[in-house]
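Undergrad: Numbering (my numbering), first residue to last: 67 to 289. We put the CB at the ideal spot given by N, CA and C, even for glycine. Every value quoted in this text rests on a predicted model; they were computed, and no experiment measured them. Below are the structure tokens for one structure; questions will follow.
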Ligand code: CDP
């Protein structure tokens with residue numbers, strides 16, 4: 067039988083990552099952070115001084131990218147040039163460029179191939195922007211997480227603040243808005259809720275409540 071996919075989409079700081087990781091652990095599925103791949107391509111372009119506006123150079127970079135996938139502690143991970151990427155893909159410069167790179171059709175087509183291939187590792191909980199609309203439109207279970215703009219900016223500011231980076235609330239808010247606008251406005255597979263997805267407004271909810279809601283719903287279904 068084919069491996070199963072639970073798709074969790076939504077904008078930045080809607081709570082997707084934490085929720086998806088915990089849902090995966092509760093179900094015994096593997097967790098996939100699709101955004102990490104777009105971030106990794108962006109990081110590599112910045113490293114190689116390839117302009118993040120130059121789609122043909124980014125495309126060449128992609129063709130020559132040495133990427134490998136493996137499973138570790140319930141997560142589908144990857145290495146680039148035999149190196150695991152950690153905080154470097156969360157840097158401000160990556161944040162500011164990732165949506166431009168992710169809007170390039172050449173990049174999206176390649177990342178979608180990588181993501182679809184991950185079912186070979188097992189059942190997946192995959193989070194992103196287009197998982198239920200483009201990557202796995204036939205996923206058994208689709209969720210769309212959202213929260214008010216202010217709530218999302220507060221959450222992201224808190225995360226960054228915990229990491230002690232110097233950035234103001236206004237900067238975080240503006241950066242999220244810029245990214246949302248590109249993600250929702252791009253031509254190929256823009257961020258939107260898939261048909262049949264369950265929408266969860268997480269504004270007044272804590273992580274436990276969102277995880278419980280999803281897990282209860284999934285457990286009520288014949289998997
Ligand atoms: O951490 P955050 O939720 O802010 O973003 P992320 O999930 O790490 O994704 C970073 C960026 O990658 C997004 O702003 C999108 O531009 C892009 N992305 C995408 O286009 N499609 C996906 N399935 C996942 C991410």
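One question on the structure: do residue 85 and residue 211 come within less than 8 angstroms of each other, judged by their Cβ atoms?
TA: To locate residue 85, count along the chain shown from 1; it is residue 19. To locate residue 211, count along the chain shown from 1; it is residue 145. Result yes, Cβ atoms of residue 85 and residue 211 sit closer than 8 angstroms.
Undergrad: Could you tell me the boundaries of the beta strand (DSSP E) in which residue 194 lies?
TA: Translated into positions along the chain shown, residue 194 becomes position 128. Unbroken beta strand (DSSP E) run through residue 194: 190-194.
Undergrad: Is the CB-CB distance between residue 219 and residue 140 below 8 angstroms?
TA: Taking the first residue of the chain shown as position 1, residue 219 is located at position 153. Taking the first residue of the chain shown as position 1, residue 140 is located at position 74. No, the Cβ-Cβ distance between residue 219 and residue 140 is not below 8 angstroms.
Undergrad: So is residue 147 buried or exposed if we call it buried at 16+ other beta carbons inside 10 Å?
TA: The residue you call residue 147 lines up with position 81 of the chain shown. Exposed, since its Cβ has fewer than 16 Cβ neighbours within 10 Å.
Undergrad: Do residue 188 and residue 261 come within 8 angstroms of each other at the CB atom, strictly closer than that value?
TA: Reading the chain shown from its first residue, position 195 is the one you call residue 261. Reading the chain shown from its first residue, position 122 is the one you call residue 188. Cβ atoms of residue 261 and residue 188: not closer than 8 angstroms.
Undergrad: Report the residue ranges of all beta strand (DSSP E) runs contained in full by the segment 72-132; include only those spanning at least 3 residues, in chain order.
TA: The segment 72-132 contains these whole beta strand (DSSP E) runs: 96-99.
Undergrad: Can you tell which of 252, 224 and 178 has its C-alpha closest to the C-alpha of residue 169?
TA: By 1-based counting over the chain shown, the position of residue 169 is 103. Out of 252, 224 and 178, 252 has the C-alpha closest to the C-alpha of residue 169.
Undergrad: Who does residue 212 pair with in a DSSP beta bridge?
TA: As a working note, residue 212 is residue 146 in the chain shown. For residue 212, which the question treats as bridged, DSSP gives the partners 267.
Undergrad: To which residues does DSSP link residue 234 through a beta bridge?
TA: Along the chain shown, one-based indexing puts residue 234 at 168. None; residue 234 has no bridge partner.
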